[in-house]
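**Q** Start counting the sequence shown at 17; every next residue gets the next number (this note's numbering).
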Amino acid sequence: MPAPKLLQIVPSLSGSVARATLDAAQAVIAAGGSAIVASPGGTMVPDLLRLRASHLELPLARHPLWARLNMPSRLVSSIGSFGPELVQARSPLTGWIAGAVARRLGVKWIATLHHPFVATGMLPSYVERQQATADGLIAVSEHVARDLRQRFPAAADRLEVIPPGVNLDRFDPAIVRADRVIKLAAQLRVPDGAHVVLYPSRLVEERGEKTLIEAVRQLGRDDVFCLLLGSAGAPTPLEKDLERAIESAGLNGKVQIGPYVDDMPAAY
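(1) How would you write the range of the alpha helix (DSSP H) that G115 sits in, first residue to last?
(2) Taking the alpha-carbon positions, what's the V213 to D151 distance?
(3) For T59, which of L102, K21, Q104 and S30 has the nearest alpha-carbon?
(4) In terms of DSSP beta bridges, what is V177 paired with?
(5) Kindly list the residues whose CB is nearer than 8 Å to the CB of V26, restricted to its own chain and excluding five residues on each side of it in sequence; keep chain order.
(6) Which residues in the same chain have their Cβ closer than 6 Å to the Cβ of P216, if we skip the five residues on either side of it in sequence?
(7) Is the CB-CB distance between A47 and L22 below 8 Å?
(8) In the DSSP output, what is N268 paired with across the bridge?
(9) One question on the structure: do A69 and G49 come within less than 8 Å of each other, judged by their Cβ atoms?
(10) What residues in its chain sit with their C-beta under 8 Å from that of G266, if we drop five residues either side in the sequence?
(11) Under the three-state reduction of DSSP, which class applies to L214: helix, strand or coil?
(12) Please state whether the Cβ-Cβ distance between L204 and G274 is less than 8 Å.
(13) By alpha-carbon positions, which one of K124, Q146 and I262 ends up nearest to E101?
(14) State the DSSP-derived secondary structure class of L102, mapped to helix, strand or coil.
(15) Taking only the alpha-carbon atoms, compute the straight-line gap between L219 and G122 and give it to the nearest angstrom.
(16) When the Cα atoms are used, what is the spatial distance from P251 to Q272?
(17) Taking L23 as part of the alpha helix (DSSP H), name the residues at either end of that continuous run.
(18) Considering Cα atoms alone, identify which of L74, S97 and G96 is closest to N86.
(19) Quick check: I113 and R66, are their CB atoms within less than 8 Å of each other?
(20) Is it right to say Q166 is buried, meaning 16 or more other beta carbons lie within 10 angstroms of its own, or is it exposed?
(21) Mark V44 as exposed unless 16 or more other C-beta atoms lie within 10 angstroms of its C-beta, in which case mark it buried.
(22) Does E225 pass the burial test, meaning 16 or more other C-beta atoms within 10 Å, or should it be called exposed?
(23) Taking N183 as the reference, give the member of L64, R119 and P281 with the closest Cα.
(24) Would a C-beta distance cut-off of 8 Å place F241 and P207 closer than the cut-off?
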């Protein structure tokens with residue numbers, strides 16, 4: 017079966033979801049297909065273009081209803097002659113849009129679920145549920161898949177669990193120069209000789225950050241340095257809460273919240 021022409025619709029080309037988007041585009045192109053990504057932009061747009069994929073910039077959604085009513089027609093008219101054979105979405109709102117785009121194009125669409133269903137309120141819950149109507153569903157973990165099966169039993173036969181992989185072309189220790197590691201260690205203020213515990217993830221509720229902080233406290237070791245990498249910039253209420261937890265545990269200088277890092281091979 018030939019590789020498809022893949023259209024991915026994503027909320028941003030920054031962060032872990034963006035990295036998964038680039039990996040999918042790279043795989044499709046390597047197999048002889050072609051890829052286009054529609055997003056509001058982000059730090060990884062240049063990386064996407066280097067893969068010889070295309071980027072279609074979307075305006076930031078002011079409101080879910082506005083996005084649903086305006087973006088599908090805008091996308092279909094902007095795609096031109098690309099003619100996607102498969103549409104993939106990676107968030108609830110982009111799933112709502114992707115379903116409408118796929119119907120207009122007469123192709124199938126896939127929703128990739130990166131976390132359990134968590135929305136509250138009538139409209140957010142409705143938007144989130146639209147993912148379950150996809151022709152195919154991908155859960156990034158068994159935890160996410162279990163949540164989907166419990167909420168939407170009829171969708172179970174369209175669901176596959178595909179854990180995130182590692183791009184070995186990028187995460188190859190042989191090509192990570194020492195100067196990259198030294199530069200990043202200095203940027204993140206990693207103490208010399210420390211055993212580093214790395215938590216590379218966007219900081220959101222229920223991912224175990226406080227459990228990790230407590231674990232470091234219980235270790236009681238001066239040679240352990242824990243990095244929570246995933247701050248989006250301006251501190252969020254959760255980040256402020258984590259800073260208080262670090263301070264109350266007496267771990268200032270031992271547990272640190274750091275920014276999103278593009279050079280993750282050097283971090284590892």
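Ideal placement from N, C-alpha and C gives every residue a C-beta, glycine not left out.
**A** Looking at the atomic coordinates:
(1) Walking along the sequence shown from the start, residue 115 turns up at place 99. Run containing G115: P108 to L121, per the alpha helix (DSSP H) assignment.
(2) The count along the sequence shown starts at 1 and reaches residue 213 at position 197. The count along the sequence shown starts at 1 and reaches residue 151 at position 135. C-alpha separation (whole angstroms): 40 Å.
(3) Here residue 59 is taken as the residue at index 43 of the sequence shown, counted from 1. Closest option to T59, Cα to Cα, is S30.
(4) Stepping through the sequence shown from its first residue, residue 177 is reached at position 161. A155, per the DSSP bridge assignment.
(5) Stepping through the sequence shown from its first residue, residue 26 is reached at position 10. These residues qualify, in order along the chain: V33, A34, T37, V53, A54, S55, A105, R106, S107 and T110.
(6) Along the sequence shown, read from residue 1 onward, the residue named residue 216 stands at position 200. Within the same chain, P216 has close Cβ partners L245.
(7) As a working mapping, residue 47 is identified with position 31 in the sequence shown. As a working mapping, residue 22 is identified with position 6 in the sequence shown. No, Cβ-Cβ distance for A47 and L22 is not below 8 Å.
(8) Position 252 of the sequence shown, counted from the start, is the residue given in the question as residue 268. For N268, which the question treats as bridged, DSSP gives the partners V271.
(9) Here residue 69 is taken as the residue at index 53 of the sequence shown, counted from 1. Here residue 49 is taken as the residue at index 33 of the sequence shown, counted from 1. No; because the gap between Cβ atoms is not below 8 Å, this pair is not in contact.
(10) Locating residue 266 in the sequence shown gives position 250, counting from the first residue. Within the same chain, G266 has close Cβ partners R233.
(11) Indexing the sequence shown from 1 puts residue 214 at position 198. Of the three classes helix, strand and coil, the one that applies to L214 here is strand, per DSSP.
(12) Position 188 of the sequence shown holds residue 204. Position 258 of the sequence shown holds residue 274. Cβ atoms of L204 and G274: closer than 8 Å.
(13) Here residue 101 is taken as the residue at index 85 of the sequence shown, counted from 1. Looking at the Cα atoms, K124 is the closest of the given residues.
(14) If you number the sequence shown from 1, residue 102 lands on position 86. In the structure shown, L102 adopts extended strand secondary structure according to DSSP, grouped into three states.
(15) Position 203 of the sequence shown, counted from the start, is the residue given in the question as residue 219. Position 106 of the sequence shown, counted from the start, is the residue given in the question as residue 122. Pairing L219 with G122, the inter-Cα distance amounts to about 38 Å.
(16) Taking the first residue of the sequence shown as position 1, residue 251 is located at position 235. Taking the first residue of the sequence shown as position 1, residue 272 is located at position 256. Taking the Cα positions, P251 is about 13 Å away from Q272.
(17) Numbered from 1 along the sequence shown, position 7 holds the residue referred to as residue 23. Premise fails: L23 lies in the beta strand (DSSP E), K21 to I25, not in any alpha helix (DSSP H).
(18) What you label residue 86 is simply residue 70 of the sequence shown in a count that begins at 1. It is L74 whose Cα lies nearest to the Cα of N86.
(19) Sequence index remark: in the sequence shown, residue 113 carries index 97 (1-based). Sequence index remark: in the sequence shown, residue 66 carries index 50 (1-based). It is not a contact, given that the beta carbons lie outside the stated cut-off.
(20) Counted from its first residue, the sequence shown places residue 166 at position 150. So Q166 ends up on the exposed side.
(21) As a position in the sequence shown, residue 44 is number 28, starting the count at 1. V44 comes out buried.
(22) Reading the sequence shown from its first residue, position 209 is the one you call residue 225. E225 should be labelled buried.
(23) Within the sequence shown, numbered from 1, the residue matching residue 183 stands at position 167. It is P281.
(24) Counted from its first residue, the sequence shown places residue 241 at position 225. Counted from its first residue, the sequence shown places residue 207 at position 191. Here F241 is near P207, since their CB atoms are less than 8 Å apart.
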